[in-house]
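Enquirer:
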Amino acid sequence: MKLIRPTVALAAAALAVALPAAAAPRAKAPAPRRVQDAAATLDRAAKAFKQAKSVRATFEQTLKNPLTGTEARAVGELLLEQPNRLAVTFTRPAGDRIVSDGRWLWVYLPSSAPNQVLKLPAKDGALSGVDMVSELLTAPASRYRIADGGSATVGGRATRAVVLTPKAEGGPIEKATLWVDDADASLRQFEVTDGNGLVRTVRITAWTVGAAVPASAFRFDVPAGVRVVDQAAFSGGR
Numbered sequence: 487m488k489l490i491r492p493t494v495a496l497a498a499a500a501l502a503v504a505l506p507a508a509a510a511p512r513a514k515a516p517a518p519r520r521v522q523d524a525a526a527t528l529d530r531a532a533k534a535f536k537q538a539k540s541v542r543a544t545f546e547q548t549l550k551n552p553l554t555g556t557e558a559r560a561v562g563e564l565l566l567e568q569p570n571r572l573a574v575t576f577t578r579p580a581g582d583r584i585v586s587d588g589r590w591l592w593v594y595l596p597s598s599a600p601n602q603v604l605k606l607p608a609k610d611g612a613l614s615g616v617d618m619v620s621e622l623l624t625a626p627a628s629r630y631r632i633a634d635g636g637s638a639t640v641g642g643r644a645t646r647a648v649v650l651t652p653k654a655e656g657g658p659i660e661k662a663t664l665w666v667d668d669a670d671a672s673l674r675q676f677e678v679t680d681g682n683g684l685v686r687t688v689r690i691t692a693w694t695v696g697a698a699v700p701a702s703a704f705r706f707d708v709p710a711g712v713r714v715v716d717q718a719a720f721s722g723g724r
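Just so you know, we're using this note's numbering here: the sequence shown kicks off at 487 and counts up by one.
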């Protein structure tokens, strides 16, 4: 998933303190059972997502920039069809769209970059940092260290929070927390911090797996008067 309003550049821990034995009892390490429970929760969510084939979701997003102290909010709908087909339609700001038909990724953000649309090949990691849901739920145990974040109620649903930190450096995610539904293993909320310190919190207001999604949802028609910025042409690709 980045469920975001990205440009091409955008498009997306715990501390153990050991005290001296003579001064005080040692701080307890995280209970292995809690880590196992978190891993099991994440595995359920990943399996449910993999088996879904398609997802239709609505969301509310808050993007915080700690450097500037600014905060931006967005509302929209997400459609996913595995693999590599994505459509994000924002209702706030209205008109912004991110679409991948499996071959091309289109980033159309008239609210911040009017009269142009970015076109990129939908391969070689082009969706990394754009499709945050797939980023977090595709084989996560192989790519992230897992910690338990405790229980919480999100949108009236009981959830378990799972904290992820990447095993490898240089990716679009510095840290992430997922809130997974106790009943059906659906994703109810996630928070992602990227390498620039931007914190993106996305609350899922509706989540439907196996939804019928028309092929036209993943088609982007360039509006009249809008210039296509073809990244593949710039890099010599086809």
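Beta carbons: idealized from backbone N, C-alpha and C, even for Gly.
#1: With burial defined as no fewer than 16 other Cβ atoms inside 10 Å of the residue's Cβ, what is the status of Gln522: buried or exposed?
#2: Specify the secondary structure class of Gln522 as computed by DSSP and reduced to three states.
#3: Of all the options Glu655, Gln537, Val640, Glu660, which has the alpha carbon lying nearest to the alpha carbon of Val649?
#4: Near Val714, what residues of its chain come up, given a Cβ to Cβ distance below 7 Å and the 5 sequence neighbours on each side ignored?
#5: My assumption, with CB atoms under 8 Å, is that Leu664 sits in contact with Ala573. Please give the rounded CB distance.
#6: DSSP state of Glu557, grouped into three classes?
#7: Give me, in chain order, the residues of the same chain whose beta-carbon lies closer than 8 Å to that of Ala654; leave out the 5 immediate sequence neighbours on both sides.
#8: Quick check on this structure: which residue in Lys609, Gly683, Ala692, Leu565 has the alpha carbon closest to the alpha carbon of Ser702?
#9: Rounded to a whole number of angstroms, what is the C-alpha to C-alpha distance between Thr428 and Ser620?
#10: Over the uninterrupted alpha helix (DSSP H) stretch that includes Glu621, give me the two end residues.
#11: For Leu622 and Val695, what's the separation of their Cα atoms in angstroms?
#12: Quick one: Cα of Thr548 to Cα of Ala718, how far?
#13: Taking all protein chains shown into account, decide if Ala513 is buried (16 or more other Cβ within 10 angstroms of its Cβ) or exposed.
#14: Measure the alpha-carbon distance for Ala627 versus Met618 and round it to whole angstroms.
#15: Can you tell me whether Ala510 is buried or exposed, with buried defined as 16 or more other CB within 10 angstroms of its CB?
#16: Cα separation between Trp693 and Val712?
#17: How would you label Phe704, buried or exposed, when you count the other beta carbons within 10 angstroms and need 16 or more for buried?
#18: At what residues does the alpha helix (DSSP H) containing Ala627 begin and finish?
Expert: The structure says:
#1: Stepping through the sequence shown from its first residue, residue 522 is reached at position 36. With fewer than 16 Cβ atoms within 10 Å of its Cβ, Gln522 is classed as exposed.
#2: Within the sequence shown, numbered from 1, the residue matching residue 522 stands at position 36. Helix.
#3: The residue you call residue 649 lines up with position 163 of the sequence shown. It is Glu660 whose Cα lies nearest to the Cα of Val649.
#4: As a working mapping, residue 714 is identified with position 228 in the sequence shown. These residues qualify, in order along the chain: Val603, Lys605, Val708.
#5: Reading the sequence shown from its first residue, position 178 is the one you call residue 664. Reading the sequence shown from its first residue, position 87 is the one you call residue 573. The pair is not a contact, with the Cβ atoms about 22 Å apart (cut-off 8 Å).
#6: If you number the sequence shown from 1, residue 557 lands on position 71. The answer is strand: DSSP assigns Glu557 an E or B state.
#7: If you number the sequence shown from 1, residue 654 lands on position 168. Around Ala654: Arg629.
#8: For the purposes of this step, residue 702 is identified with residue 216 of the sequence shown, where counting begins at 1. Ranking Lys609, Gly683, Ala692, Leu565 by Cα distance to Ser702 puts Leu565 first.
#9: Nothing about residue 428 can be read from this structure; the chain reaches only from 487 to 724.
#10: Sequence index remark: in the sequence shown, residue 621 carries index 135 (1-based). Unbroken alpha helix (DSSP H) run through Glu621: 618-623.
#11: Residue numbering aside, residue 622 sits at position 136 when the sequence shown is read from its first letter. Residue numbering aside, residue 695 sits at position 209 when the sequence shown is read from its first letter. Taking the straight line joining both Cα atoms gives about 16 Å.
#12: To locate residue 548, count along the sequence shown from 1; it is residue 62. To locate residue 718, count along the sequence shown from 1; it is residue 232. Straight-line Cα distance between these residues: approximately 31 Å.
#13: Mapped onto the sequence shown, residue 513 falls at position 27. For Ala513, the predicted model reports a pLDDT of 42, less than 50, meaning its position is unreliable; a value from the coordinates is still stated below. It counts as exposed.
#14: Within the sequence shown, residue 627 is the residue found at index 141, counting from 1. Within the sequence shown, residue 618 is the residue found at index 132, counting from 1. So the alpha carbons of these two residues sit roughly 16 Å apart.
#15: Taking the first residue of the sequence shown as 1, we reach residue 510 at position 24. Caution applies to Ala510, whose pLDDT of 39 falls short of 50 and renders its modelled position unreliable; the value that the coordinates give is listed next. When all chains shown are included, Ala510 counts as exposed.
#16: Working through the sequence shown from its first residue, we reach residue 693 at position 207. Working through the sequence shown from its first residue, we reach residue 712 at position 226. Using only the alpha carbons, I get a separation of about 33 Å.
#17: Reading the sequence shown from its first residue, position 218 is the one you call residue 704. It is buried - the Cβ of Phe704 has at least 16 other Cβ atoms within 10 Å.
#18: Along the sequence shown, one-based indexing puts residue 627 at 141. Annotation: the continuous alpha helix (DSSP H) that includes Ala627 extends over 626-629.
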